[in-house]
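Q: Starting off with a structure, shown below.
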Amino acid sequence: MMLGRLQSDCDYFLGCGNGSLNSLYYHNVDRHIEEMKKIYNSFSKEEKPEWISLEEIDSYQEKMNKMLEKDEEEI
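Okay, so the sequence shown: first residue is 34 according to this note's numbering, each after it adds one.
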């Protein structure tokens, strides 16, 4: 499932990927998260995945953007 793939990209980005945009399918944090939300919202209430929520997706976005900001400050 694509949503799972995009979540895995987020986990890698925050971990071993060291904040590399190349580890994201869309190579851009905000676009990546936008697509995750679009997929999540495409499910009916009964079909929404239980293994991820919109709050968790928002949390990924916040953590990933903070990581990018930190990297920019160090340059």
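All C-beta atoms in this analysis are idealised placements derived from N, C-alpha and C, irrespective of residue type, glycine included. Quick caveat, the model's predicted, so the values are computed rather than measured.
Is the stretch 46-58 touching the stretch 69-83 in the sense that three or more CB pairs, one from each, lie closer than 8 Å?
A: no
Q: Distance check for E79 and N55, CA to CA, integer angstroms please.
A: By 1-based counting over the sequence shown, the position of residue 55 is 22. By 1-based counting over the sequence shown, the position of residue 79 is 46. Answer to the nearest angstrom: the Cα atoms are 34 Å apart.
Q: Can you give me the C-alpha to C-alpha distance between E106 and M100, rounded to a whole angstrom?
A: By 1-based counting over the sequence shown, the position of residue 106 is 73. By 1-based counting over the sequence shown, the position of residue 100 is 67. Their backbone Cα atoms lie some 10 Å apart in a straight line.
Q: Kindly list the residues whose CB is nearer than 7 Å to the CB of E68, restricted to its own chain and excluding five residues on each side of it in sequence; keep chain order.
A: On the sequence shown, residue 68 is found 35 positions in, with the first residue counted as 1. The beta carbon of E68 is closer than 7 Å to those of L39 and Y59 in its chain, skipping five residues each way along the sequence.
Q: When you compare only the Cα positions, how much space is there between E88 and S41?
A: The residue you call residue 88 lines up with position 55 of the sequence shown. The residue you call residue 41 lines up with position 8 of the sequence shown. E88 and S41: Cα-Cα distance of roughly 16 Å.
Q: Do you know offhand how far G50's Cα is from E83's?
A: Your numbering for residue 50 matches position 17 in the sequence shown. Your numbering for residue 83 matches position 50 in the sequence shown. If you take the alpha carbons of G50 and E83, they lie about 26 Å apart.
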